[in-house]
Structures are given as C-alpha cells and as structure tokens.
Amino acid sequence: MSDNATLPNGWQLVVGLEVHVELATKTKMFSASANRFGDEPNTNIDPVTLGLPGALPVLNKHAVELAMRIGLALNCKVQPCTFHRKNYFYPDLPKAYQITQYDHPLNVDGFLMLPGDVRIGVERAHLEEDTGKSTHFGGSSGRIHGSDYSLLDYNRAGVPLV
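In this note's numbering, the protein residues as written are 122 to 283.
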C-alpha cells in the first residue's frame, strides 16, 4: 500500500456489505405463487403477493430449510427466529410492507474463511421477501425522477431472499 493510501493515525477501515441471494424455491416466501424468472409480467401474483384484504401469508418451509443450510455453510449459529412487517411505500412493493427478520434473525455470528487464513465475519443471514421490479421510461437517467412513466412487474414481489 502506498503512503498516500494509509489512514490517519488511530483510524481503521471497516467495510460492510449487504448481499441478497434469491432462493431457488418453486413458490414465493409466503404465497403459493410461482417463483419463476422470465415469465410474462404480473403472471406470478396472487392476493398474498398484492396484500389484498383477507389474504394470509403461509411460510415456505423449503425457503427456511435453504436459509438454514446457508447459515450452516457460513458457520452461523442457527437459532429460533421471528418475522415482522417493515412498513414503507415504494411503487414496487404492492403490500406497502415487507416481511423480514431483524430483531431475531435465523442465522447470526458466522464467518467465512478465505485462503490465507482470512476470516470474514458474518453478522447475520436472515430471510426476507423481495420487492417487485420498476422500469422507468423517458427522461435521460432511466430513473423514476424525470421519467415520463413507469411499469411495474410484481412477479418478483415475495420471492424469498437471504
């Protein structure tokens, strides 16, 4: 490392990453809708995915099993967990909440060993559901601000993530 790349005395570089891994399940995290990439937009949706009144979520057992395997592969402590609703409004989140884990995640305090005895700490590997997909048209940036219109595809909404 060159001298101009060193940190001031007493400082330490800490880098954190948040990585989402889509689980290869046949159905979504809390609904019986198909979990298939590449299908026509808005064909893998149901009342649970859309958050319609009276629609109740049912946990995908296979997603939990896959998440536990990931936790074991990352040397995590696999523990009892809880889910909660994280409320926020995005156009690609039709329910206006995401079911996720925070206070009591499934996998905690793990690590990944890399060549050269490099140990990478893993704080948590928790389950949550993905949002839908927004595609913005018009304008110069391809982003929602300044776009002429947006299209929403909810096929990905509710797909299990770790």
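Just so it is clear, CB atoms sit at the ideal spot from N, CA and C, and this is done for glycine as well.
In chain order, what residues of the same chain have a beta carbon less than 7 Å from the beta carbon of residue i, not counting five sequence neighbours either side?
i, result
"Asp274", "Pro162, Asn163, Gly253, Lys254"
"His257", "Gly263, Arg264, Ile265, Ser268, Ser271"
"Ser154", "Thr148, Asn165, Ile166, Asp167, Thr170, Gly279"
"Arg240", "Phe232, Met234"
"Leu128", "Leu134"
"Ala176", "Pro168, Val169"
Under the three-state reduction of DSSP, which class applies to residue i: helix, strand or coil?
i, result
"Met189", "helix"
"His183", "helix"
"Ala194", "helix"
"Asn165", "coil"
"Ala75", "Because residue 75 is not part of the residues shown, which for the chain are 122 to 283, the question remains open."
"Leu128", "coil"
"Val243", "strand"
"Glu143", "strand"
"Val199", "strand"
So the alpha helix (DSSP H) residue i belongs to, where does it begin and stop?
i, result
"Thr170", "168-171"
Might you give, ordered along the chain, the residues of its own chain that have their beta carbon closer than 6 Å to the beta carbon of residue i, omitting 5 neighbours on each side?
i, result
"Arg277", "Asp251, Gly253, Lys254"
Under the DSSP definition of a beta bridge, which residues are partnered with residue i?
i, result
"Pro281", "Glu250"
"Ile265", "Paired residues: none, contrary to the question."
"Ile257", "According to the sequence displayed, residue 257 carries His and not Ile. Per DSSP, Ser271."
Am I right that residue i and residue j are in contact with their C-beta atoms under 8 Å? What's the rounded C-beta distance?
i, j, result
"Cys109", "Val243", "Because the chain spans 122 through 283 in this model, residue 109 falls outside it and cannot be assessed."
"Leu195", "Ala246", "6 Å"
"Val179", "Gln200", "Contact flag wrong, Cβ pair sits at about 22 Å."
Can you name, in chain order, every residue of its own chain whose Cβ lies under 8 Å from the Cβ of residue i, other than the five neighbours on each side?
i, result
"Asn181", "Thr146, Thr148, Lys149, Met150, Phe151, Pro281"
"Gln286", "Residue numbering for the chain in the displayed model covers 122 to 283; residue 286 lies beyond these limits and cannot be assessed."
"Ser123", "Residue placement at Ser123 cannot be trusted, given a pLDDT of 48 that sits under 50; the coordinates are not used to answer."
How is the beta strand (DSSP E) around residue i delimited, first residue to last?
i, result
"Tyr218", "218-221"
"Lys207", "205-208"
"Asp274", "270-274"
"Met234", "228-235"
Is any heavy atom in the ligand SAM found nearer than 7 Å to the beta carbon of residue i?
i, result
"Arg190", "Ligands in the displayed structure: none, and consequently the ligand SAM is not present."
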